[in-house]
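Have a look at the structure below before the remarks.
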Ligand code: SF4
Ligand code: SF4
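Numbering (this note's numbering), first residue to last: 29 to 395.
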């Protein structure tokens with residue numbers, strides 16, 4: 029079976045083709061109006077970006093979607109969940125403040141910000157899924173309580189899942205801290221022969237899980253598996269067991285994605301933004317240069333198909349040589365493996381299809 033994925037190129041030669049007008053046209057072409065009924069509380073799930081990051085979806089784009097939902101009579105609110113690590117989004121007060129600092133203000137977007145798992149991430153709903161890794165998953169209470177959901181995803185690279193799109197936005201993004209912890213099964217270790225004891229890993233660890241006494245050492249009980257230390261180490265002296273840990277991480281994430289939408293059949297819509305495709309996720313407090321040119325926007329009611337299509341469109345590009353992309357620059361090569369060399373990000377798509385979230389086969393409908 030094939031799912032339809034609607035596509036608008038980033039190219040624009042008239043005002044009819046502005047990005048804002050294309051968002052509205054995509055919403056119509058994909059038939060999203062039929063998903064949102066009057067008076068329904070609609071969670072617009074997005075990522076407000078860690079403070080210092082600027083790769084997140086523009087609030088000006090988000091406003092277009094908010095207005096379309098309002099035209100359907102819906103009651104949209106912008107939402108995300110608190111993080112596991114201590115950054116600028118680890119509780120609802122700082123999270124909402126970060127959102128406003130990044131332009132997600134009512135005056136700009138036309139919708140309020142409600143952090144879905146509450147002040148300290150304790151507003152949690154348990155959803156029974158009966159899958160391989162989890163019998164039940166912990167989903168943010170106000171996402172579970174919403175009648176419908178519009179999932180807006182910035183498509184970009186990710187150190188553990190290869191790339192992040194709709195599935196990651198659902199799986200990790202709709203989970204409160206306890207659910208995020210359950211998905212982050214992998215724990216890194218130090219390769220002592222490579223470690224110089226510079227301490228850079230200590231400075232980025234949000235959990236104070238690393239001590240350096242000549243060489244670094246990681247306390248597995250404190251570690252939350254965020255991989256910030258791996259990214260920061262200049263000697264590649266911190267590693268994980270990629271073959272066994274990472275595929276399982278992606279499967280756990282896909283099962284959480286399944287749980288986030290399980291009780292909203294026919295009530296969830298997806299848009300992926302293939303704009304400023306950075307090598308790493310919006311959780312980083314900075315945004316590196318993109319690895320491929322801007323591509324455009326996608327819309328679908330199938331999270332598997334929209335991520336499969338996004339992945340293919342990225343890989344059809346010629347990669348930027350003056351970016352973090354170290355290989356796989358040619359058309360057709362996996363760009364995300366060119367950045368995160370050990371990670372087969374497509375595993376999340378395969379597994380999500382296997383557990384019944386949608387279809388990898390898609391028909392790309394250009395508008
Ligand atoms: S993965 Fe590294 S940075 Fe993250 S909590 Fe564990 S030790 Fe700290
Ligand atoms: S950043 Fe790397 S080299 Fe420096 S102390 Fe940590 S593990 Fe060792």
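C-beta atoms are modelled at their ideal positions from N, C-alpha and C, and glycine is treated no differently.
query	result
Would you kindly work out how many angstroms separate the C-alpha atoms of residue 291 and residue 174, rounded to a whole number?	10 Å
Report yes if the C-beta of residue 314 is less than 8 Å from at least one heavy atom of ligand 4; otherwise report no.	Looking for ligand 4 in the displayed structure turns up nothing; the ligands present are ligand 1 and ligand 2.
Would you kindly work out how many angstroms separate the C-alpha atoms of residue 286 and residue 241, rounded to a whole number?	43 Å
Which residue wins for smallest C-alpha separation from residue 361, given the options 314, 72 and 343?	343
What is the C-beta distance between residue 93 and residue 55, in whole angstroms, given that I count them as a contact (C-beta under 8 Å)?	7 Å
Is there contact between the segment 66 to 83 and the segment 302 to 315, where contact requires at least three CB pairs shorter than 8 Å?	yes
Apart from the five residues just before and just after residue 152, which ones in its own chain have a Cβ nearer than 8 Å to its Cβ?	145, 166, 167, 168, 169, 204, 206 and 207
When you compare the segment 233 to 250 with the segment 106 to 118, are there three or more beta-carbon pairs, one atom per stretch, that lie closer than 8 Å?	yes
Under the three-state reduction of DSSP, which class applies to residue 114: helix, strand or coil?	coil
What number of angstroms, rounded off, separates the C-alpha of residue 319 from the C-alpha of residue 80?	19 Å
Candidates 351, 219, 368 and 137: which alpha carbon is nearest residue 89's?	137
Which residue's Cα is closest to the Cα of residue 102: 132, 125 and 67?	67
Decide yes or no for the touch test of the segment 263 to 281 against the segment 32 to 50: beta carbon pairs closer than 8 Å, at least 3 of them.	no
What residues are listed by DSSP as bridge partners for residue 164?	156
According to DSSP, is residue 321 part of a helix, a strand, or is it coil?	coil
Roughly how many whole angstroms lie between the Cα atoms of residue 147 and residue 197?	20 Å
Where residue 155 and residue 164 are concerned, what is the direct C-alpha to C-alpha distance, given to the nearest angstrom?	5 Å
Compute the minimum distance between the beta carbon of residue 230 and the heavy atoms of ligand 2, and state whether it is under 8 Å.	yes
In chain order, what residues of the same chain have a beta carbon less than 8 Å from the beta carbon of residue 282, not counting five sequence neighbours either side?	195, 199, 376, 379, 380, 383 and 385
For residue 299, does the count of other Cβ atoms within 10 angstroms reach 16, so buried, or fall short, so exposed?	buried
On the criterion of 16 or more Cβ atoms from any shown chain inside 10 Å, does residue 134 qualify as buried, or is it exposed?	exposed
Three or more beta-carbon pairs under 8 Å between the segment 327 to 342 and the segment 387 to 395, yes or no?	yes
Could you tell me if residue 369 is buried or exposed, where buried requires 16 or more neighbouring beta carbons within 10 angstroms of its beta carbon?	exposed
Assign residue 369 to one of three DSSP states: helix, strand, or coil.	coil
Between 140, 65 and 178, which lies nearest to residue 71 when the distance is taken from Cα to Cα?	178
Mind checking which residues open and close the alpha helix (DSSP H) that includes residue 66?	Note, residue 66: premise wrong, no alpha helix (DSSP H); not H, not E.
What separation, rounded to the nearest whole angstrom, lies between the Cα atoms of residue 63 and residue 222?	54 Å
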